[in-house]
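Below: one structure, written as structure tokens.
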Amino acid sequence: MFLGVIPITVFGGGFLPTIIAVVVGSALGAASVGILSTWGPRFGVPQLVQSRAAFGYRGNILPAGLNALTAGVGWFAVNTISGTFALSTLTHLPFQVTLIVIVLLQVFVAFIGHNFIHEFERYAFPYLAIVFTIATLFILTQSNPTLGFNARAPVAFGGPIGAFILAVFVAFAYGAGWAPYSMDYARYLPPEVPSRSVFWSAMLGVFLPCALLEIGGAALATVPGTAWGPTDSPTDQLVKPLPAILAGLTLLGIALGAVSANVLNVYSGAMSFLALGVRIGSLRLQRAVVAVVFGAIGFLVARAGEVDAGHSYENFLLLIGYWITPFLGVILTDYWLRRGIFDERQFFDTRHNTIAGVAAMLGGILVSIPFWNQTLWHGPVVDALPQLGDLSFIVGFLVASGVYFALSPRRATVASATT
Numbered sequence: 003m004f005l006g007v008i009p010i011t012v013f014g015g016g017f018l019p020t021i022i023a024v025v026v027g028s029a030l031g032a033a034s035v036g037i038l039s040t041w042g043p044r045f046g047v048p049q050l051v052q053s054r055a056a057f058g059y060r061g062n063i064l065p066a067g068l069n070a071l072t073a074g075v076g077w078f079a080v081n082t083i084s085g086t087f088a089l090s091t092l093t094h095l096p097f098q099v100t101l102i103v104i105v106l107l108q109v110f111v112a113f114i115g116h117n118f119i120h121e122f123e124r125y126a127f128p129y130l131a132i133v134f135t136i137a138t139l140f141i142l143t144q145s146n147p148t149l150g151f152n153a154r155a156p157v158a159f160g161g162p163i164g165a166f167i168l169a170v171f172v173a174f175a176y177g178a179g180w181a182p183y184s185m186d187y188a189r190y191l192p193p194e195v196p197s198r199s200v201f202w203s204a205m206l207g208v209f210l211p212c213a214l215l216e217i218g219g220a221a222l223a224t225v226p227g228t229a230w231g232p233t234d235s236p237t238d239q240l241v242k243p244l245p246a247i248l249a250g251l252t253l254l255g256i257a258l259g260a261v262s263a264n265v266l267n268v269y270s271g272a273m274s275f276l277a278l279g280v281r282i283g284s285l286r287l288q289r290a291v292v293a294v295v296f297g298a299i300g301f302l303v304a305r306a307g308e309v310d311a312g313h314s315y316e317n318f319l320l321l322i323g324y325w326i327t328p329f330l331g332v333i334l335t336d337y338w339l340r341r342g343i344f345d346e347r348q349f350f351d352t353r354h355n356t357i358a359g360v361a362a363m364l365g366g367i368l369v370s371i372p373f374w375n376q377t378l379w380h381g382p383v384v385d386a387l388p389q390l391g392d393l394s395f396i397v398g399f400l401v402a403s404g405v406y407f408a409l410s411p412r413r414a415t416v417a418s419a420t421t
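Under this note's numbering, the first residue of the sequence shown carries the number 3, and numbering increases by one thereafter.
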């Protein structure tokens, strides 16, 4: 929900343009998850194992390492902070105490493994869906839908257009942030499952909750009496427009939602780490050890992120998009060049190495740097044309896709097939 707050309180966006932007961004991000999920039943391996086909066994260290860091530490810390704030507001316990409770619960569920995660998510979903839908409706009744652009917002120098593009990007980055996990939870489906069913199930599973909560967050940012300074607790603002009982249920839902999201992050982060080729005993032991280590590191990062969580969240979402979109450009282009036909031995062959994937992904990241727009770095393109917002996700995708197409040996096959 807090993602919907950022475009209004930080970028200065108006209410209705922000609603449109987060819906568009969420749809694009969710579509990438849906597409990659259809590969799970076909290949039966995690996403960051399948990507070895495009990156090579050693080259795959680049996306697998980034995803292990992003999921196992970054997302873990971000979601832990939101869950900790919620539990602290609900129980009136100190932040540090509720932080420990949230972290231990998340690591415990991820430690047990895939099947338990599915059961946990199955029971958590109905509660989260009902509570957040009702809370969003209550917030909408107290919102100000006529709110326009706010030129005094901290990062409003791009004007209404810049705020809109930034809102699309952060919403896209959140949805696409699940893309490197897409195959992880679809790989056990039988191969004969229709791809269309897998796509829509995964796509809507990401899009609907993201869009609903981001709309609720945008509405919350317009509610009179809420405060969004660096030291203001986001969950304290959330409960202001809600009746006491619903406020308590919503805070519990945020804490439960943080756990639900993070058990996936820790598990898939561990799977990405194992895709680096590291071996520590049996596969089950390796996954469990990595989950505990990521939990410990994520705890330290979350503890440091208690102050000014808003800007930290904004920067993190943008940083995710900077590497995930070039990654998507590479693997989607590779799939297209192969016509979806893979030699699956390449997923595990240590002798399969190629520079095309790494060169394309790094090229996409490097060329997109001048378009970056966040508090950590303003690229020269943004300084000259702030109304462009942040177009790095488009630039990174197109450059990575183009470079991979140019370097891939399968390009000749495609050219000959079309002449």
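For each residue, glycine too, the CB sits at the ideal point set by N, CA and C.
Note that the structure is a prediction, hence the values are computed from the model and not measured.
Checklist entry - Buried or exposed: P328, going by 16 or more other Cβ atoms within 10 Å of its Cβ? => result By the Cβ neighbour-count rule, P328 is buried, with 16 or more other Cβ atoms within 10 Å of its own.
Next on the checklist: Can you look up N81 in the DSSP assignment and give me helix, strand or coil?
Outcome noted: helix
Checklist entry - Near V170, which residues of its chain fall below 6 Å by C-beta distance, leaving aside the five closest residues on each side in sequence? => result A23, V26, G27
Checklist entry - Is the CB-CB distance between L453 and F373 below 8 Å? => result Shown here, the chain extends from 3 to 421; a query on residue 453 therefore has no answer.
Next on the checklist: What does the alpha-carbon distance come out to for the pair T420 and A73?
Outcome noted: Residue placement at T420 is poorly supported in this model, since its pLDDT is 44, which falls under 50; the coordinates still yield a value, given next. Rounded to the nearest angstrom, the two C-alpha atoms are 40 Å apart.
Checklist entry - In chain order, what residues of the same chain lie with their CB nearer than 6 Å to the CB of G164, ignoring the 5 residues before and after it? => result P388, Q389, G391
Item to check | Expected contact under 8 Å - CB spacing of F318 and G76 to nearest Å | outcome: 6 Å
Checklist entry - How is G58 classed by DSSP in three states: helix, strand or coil? => result strand
Checklist entry - In this structure, what does DSSP give as the bridge partners for H354? => result H354 pairs with nothing; no bridge assigned.
Next on the checklist: Is the separation between the beta-carbon of I102 and that of T82 shorter than 8 Å?
Outcome noted: no
Checklist entry - Along the chain, where does the alpha helix (DSSP H) that runs through M205 open and close? => result 197 to 223
Item to check | Residue nearest to A66 in terms of C-alpha spacing, selected from A137, P182, I396 | outcome: P182
Item to check | When A188, L92, A32 are compared against F45, the one with the closest alpha-carbon | outcome: Put simply, of A188, L92, A32 the residue whose alpha carbon is nearest the alpha carbon of F45 is A188.
Checklist entry - From which residue to which residue does the alpha helix (DSSP H) around D385 run? => result Start and end: 382 to 386.
Item to check | Range of the contiguous alpha helix (DSSP H) that encloses F399 | outcome: 394 to 409
Next on the checklist: Suppose the cutoff is 6 Å on Cβ atoms and the five residues either side in sequence are ignored; what does the same chain contact list for G31 look like?
Outcome noted: The answer, listed in chain order, is F174, G177, A178.
Checklist entry - Which of helix, strand or coil does DSSP assign to N375? => result Assignment of N375 by DSSP, reduced to helix, strand and coil, places it in the strand class.
Item to check | Alpha-carbon spacing of V12 relative to L38, whole angstroms | outcome: Each residue's alpha carbon lies about 32 Å from the other.
Item to check | N-terminal and C-terminal residue of the alpha helix (DSSP H) that F151 is part of | outcome: Premise fails: F151 is in no alpha helix (DSSP H) and is neither H nor E.
Item to check | For L266 and M3, the rounded distance between their alpha carbons | outcome: Looking at the two C-alpha atoms, the distance is approximately 19 Å.
Checklist entry - Around the C-beta of F17, are 16 or more other C-beta atoms found within 10 angstroms, so that it is buried, or is it exposed? => result buried
Checklist entry - Are at least three pairs of beta-carbons, each pair with one atom in the stretch 342 to 361 and one in the stretch 52 to 64, less than 8 Å apart? => result yes
Item to check | Sequence-distant residues of its chain with Cβ nearer than 7 Å to T100 (five each side left out) | outcome: T86, L89, S90, T93
Checklist entry - Which of helix, strand or coil does DSSP assign to D238? => result helix
Next on the checklist: Which of the three DSSP states is assigned to S53 in this structure?
Outcome noted: coil
Next on the checklist: Spatial neighbours of L214 within its chain, please: C-beta separation below 8 Å, excluding the five flanking residues on both sides.
Outcome noted: F134, T135, T138
Checklist entry - Exposed or buried, what is W180 when buried is set at 16 or more other beta-carbons lying within 10 Å of its beta-carbon? => result buried
Checklist entry - Who are the Cβ neighbours of L210 in its own chain at under 7 Å, not counting the five residues just before and after it? => result none
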